[in-house]
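Undergrad: So for the sequence shown, the UniProt record's numbering puts the first residue at 1; every next one is plus one.
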Amino acid sequence: MGARLHLYRLQDQSCFLVPKTKPQVQIMAADQQSSKSYGWFPKHFDSQVIIYGKQVIINLVNQKGSEKPLEQTFATMVSSLGSGMIRYIVFDFHKKYKNMRWNPLSILLDQVAEIQDELNYFLVDSAGKVVTNQEGMFPSNCMDCLDRTNVILSLLACRFLQAQLQRPGVLHVGQNLEEQDEFEKIYKNVWADNANAGAKQYARNCTLKTDFTRTGKRTQLGLIRNGWNSLKLYYKINYSDGFR
1 MGARLHLYRL QDQSCFLVPK TKPQVQIMAA DQQSSKSYGW FPKHFDSQVI
51 IYGKQVIINL VNQKGSEKPL EQTFATMVSS LGSGMIRYIV FDFHKKYKNM
101 RWNPLSILLD QVAEIQDELN YFLVDSAGKV VTNQEGMFPS NCMDCLDRTN
151 VILSLLACRF LQAQLQRPGV LHVGQNLEEQ DEFEKIYKNV WADNANAGAK
201 QYARNCTLKT DFTRTGKRTQ LGLIRNGWNS LKLYYKINYS DGFR
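Put into structure tokens, the structure is as follows:
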């Protein structure tokens, strides 16, 4: 994790992560948290809906073990909002890609494809006339909103970009960005560099899973690099720069 004490504030509960090899989530009772944080959850999503429109939340945390209580609490809170403008999707990222099989990620993309098309994107023509508007967004999370989140958002962004390039004829209908080798390489590296920049600000360490973001597949070399980065991160959390 990226901090000695990582706090998630929910509407009436808080989740603390303690410094271990794999930090555990501890859900606290409402009377143990600051009254200032009470009620921020509905206020946050009310403001998001007003600014951006529909919210399609994608939760990528594990559906078992230490992360499960966090997902269950988050799901309960989303349900309590009772808003037709908010949709909640759970996708157990680690379970789906176990044994280094990443193809199941297409399951999530297929699941949200119709929703993504409905949300659309912002477009103006050469005369400055607004042709289409973006009608919503995909807030997503894992535990630190870096590794799993970056992978999924890069895939969603690729699908949006492909549609945008097909519209003016830069790509033909049915032609995929994956077929444009040079451009795809640049695109994937931009997203991987973006993840690393955020991770270094947050935890003074490179993010994990960038081998998939850069190459589109999980590699043995990537696993070795992840192991090394995890060791560095563990040291920094507990012995060097835990506050960050």
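Don't be surprised by glycine CBs; every beta carbon is placed ideally from N, CA and C.
Can you find the residues in the same chain that come closer than 7 Å, C-beta to C-beta, to L81, ignoring five residues on each side of it along the sequence?
TA: Result list for L81: P42, F45, in chain order.
Undergrad: Here's the rule I'm using: 16 or more other beta-carbon atoms within 10 Å means buried, otherwise exposed. How should G136 be labelled?
TA: The residue in question, G136, is buried, as its Cβ has 16 or more Cβ neighbours within 10 Å.
Undergrad: Looking only at C-alpha atoms, which of H172, C158, R167, G174 sits nearest to E184?
TA: Cα-wise, what sits closest to E184 is C158.
Undergrad: For the alpha helix (DSSP H) containing V173, name the first residue and the last one.
TA: It is not in any alpha helix (DSSP H) - V173 carries neither H nor E in the DSSP assignment.
Undergrad: Please name the residue in G84, A163, N120 whose C-alpha comes closest to that of G130.
TA: Sequence inspection shows Val at residue 130; the Gly mentioned does not correspond to that position. The candidate whose alpha carbon is nearest that of V130 is N120.
Undergrad: Here's a check: name, in chain order, each residue in its chain whose Cβ is nearer than 6 Å to the Cβ of R148, leaving out the five neighbours to either side.
TA: Around R148: L60, F93, C142.
Undergrad: Which value, in whole angstroms, describes the spacing of the CA atoms of L171 and Q162?
TA: Distance between the alpha carbons of L171 and Q162: 8 Å.
Undergrad: Within 10 Å of its beta-carbon, does E67 have 16 or more other beta-carbons around it, so buried, or fewer, so exposed?
TA: Flag for E67 reads buried.
Undergrad: Measure the Cβ-Cβ separation of Y88 and I51 and say whether it is below 8 Å.
TA: No, the pair does not count as a contact, with Cβ atoms beyond the cut-off.
Undergrad: For V112, count the other beta carbons within 10 Å of its own beta carbon; 16 or more makes it buried, fewer makes it exposed. Which is it?
TA: Classification for V112: buried.
Undergrad: Considering just the uninterrupted stretch of the alpha helix (DSSP H) at V112, what are its terminal residues?
TA: Element bounds for V112: 105-119.
Undergrad: Does the beta-carbon distance from S146 to G198 come in below 8 Å?
TA: Checking the sequence, you will find Leu at residue 146 rather than Ser. Taking 8 Å as the Cβ cut-off, L146 and G198 qualify as a contacting pair.
Undergrad: How is V61 classed by DSSP in three states: helix, strand or coil?
TA: Reduced to three states, the DSSP call for V61 is coil.
Undergrad: Out of curiosity, what's the CA-to-CA distance linking K95 and F160?
TA: Going by the C-alpha atoms only, they are around 26 Å apart.
Undergrad: So, Q116 versus L156, is the Cβ gap smaller than 8 Å?
TA: Yes.
Undergrad: Report yes if the C-beta distance between I27 and T76 is below 8 Å; otherwise report no.
TA: For I27 and T76, no; Cβs fall outside 8 Å.
Undergrad: What residue does the beta strand (DSSP E) around R167 start on, and which one ends it?
TA: Element bounds for R167: n/a, residue is neither H nor E.
Undergrad: By Cβ distance below 8 Å, which residues in the same chain neighbour residue 270 in space, the five residues on each side in sequence not counted?
TA: Absent from the model: residue 270. The displayed extent of the chain is 1 to 244, so no value can be given.
Undergrad: Could you please give me the residues that DSSP links to I51 through a beta bridge?
TA: Per DSSP, none; premise fails for I51.
Undergrad: Tell me which residue opens and which closes the alpha helix (DSSP H) that S79 is part of.
TA: Start and end: 68-81.
Undergrad: Could you tell me if E179 is buried or exposed, where buried requires 16 or more neighbouring beta carbons within 10 angstroms of its beta carbon?
TA: Exposed is the call here.
Undergrad: If you measure between the beta carbons of E114 and V90, is that distance less than 8 Å?
TA: No; because the gap between Cβ atoms is not below 8 Å, this pair is not in contact.
Undergrad: Let me confirm a value: K188 is counted as buried when at least 16 other C-beta atoms fall within 10 Å, else exposed. Which label applies?
TA: Flag for K188 reads buried.
Undergrad: Nearest by alpha-carbon distance to I86: which of Q55, K200, I107, D181 is it?
TA: The option with the nearest alpha carbon to I86 is Q55.
Undergrad: Restricting to Cα atoms, I'd like to know which of Q175, D125, G128, I152 is closest to S106.
TA: Among Q175, D125, G128, I152, the Cα nearest to that of S106 belongs to I152.
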